[in-house]
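Numbering (the UniProt record's numbering), first residue to last: 1 to 180.
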Amino acid sequence: MTDEKEFIAQLLNPKTQNTAFQKLVSDYQKPLYSHIRNIVLNHDDTDDVLQNTFVKVFQYLKNFKGESKLFSWMYRIATNEALTFLNQKAKLSGLSSEALQNKTIDNLKADVYFDGDEIQIKLQKAIVTLPEKQQLVFKMKYFQELKYEEIAEILGTSVGALKASYHHAVKKIEIYVTSN
C-alpha cells in the first residue's frame, strides 16, 4: 500500500505527474478497456468511455481519499462512465437501455474487434435481460474473474449481496439460454 501512496503522490506532483500518468494509463488501459467493453459492447464507444474515464481520473485524483485501492476507484469511475454513456446514448436514440443493448448485440457480428461466436451472442442477449446490478456483478465475476471483495469495493456493496446477485444472475441466464 505504501507503493500505491507513493505512486499517488507522483501523480499529484506537477514535476512527476506526466510520467506517472503515462504509467497509470499503461498499467490500467487494458483491464479498464475490457471492463468498459463488457458494459458498452461496442469498440468505438468503449474507446470514448475509456478516454473519458482517464480524463475523470486525472481531474479528480486530488479528491481520491485512499479509502479504497486506486484500482477499485478507477473501476468505479469506469463503471459510472460506461453506464452514463449507455443511458445518454439510449435517450438520444429514443430507445430503452435494454433495446439499445440488444441492437448493439445484433451488430456484434460485424464488429471486427468481437471474436465471439453464436453462443457468446446468446450469452450477451441473456445478460441484457438482467437488472443493471446483476449485469455488472455477472460481467465482473464471469468475464473479468474479479474476486467478490474487489467487486464489493468497486460497487460499494457487501460480498453477501454480490454473491446473491451473481447466483440469481446465473440462474436467470441458464433459464434464458435453455429456453431460447
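Every residue, glycine too, gets a C-beta built ideally from N, C-alpha and C.
ask   = Cα separation between residue 104 and residue 15?
value = 43 Å
ask   = residue 72: buried (16+ other C-beta within 10 angstroms of its C-beta) or exposed?
value = buried
key: Status (buried if at least 16 other CB within 10 Å, exposed otherwise) for residue 162   = buried
ask   = Terminal residues of the continuous alpha helix (DSSP H) containing residue 117?
value = Where residue 117 is concerned, there is no enclosing alpha helix (DSSP H), given that its DSSP letter is neither H nor E.
key: Reduced DSSP secondary structure (H/G/I, E/B, other) of residue 144   = coil
task = Let me know the secondary structure DSSP gives residue 174 once reduced to three states.
result = helix
key: Buried versus exposed, by CB contacts within 10 Å (16 or more), residue 151   = buried
key: Pairwise C-alpha distance: residue 99 and residue 128   = 9 Å
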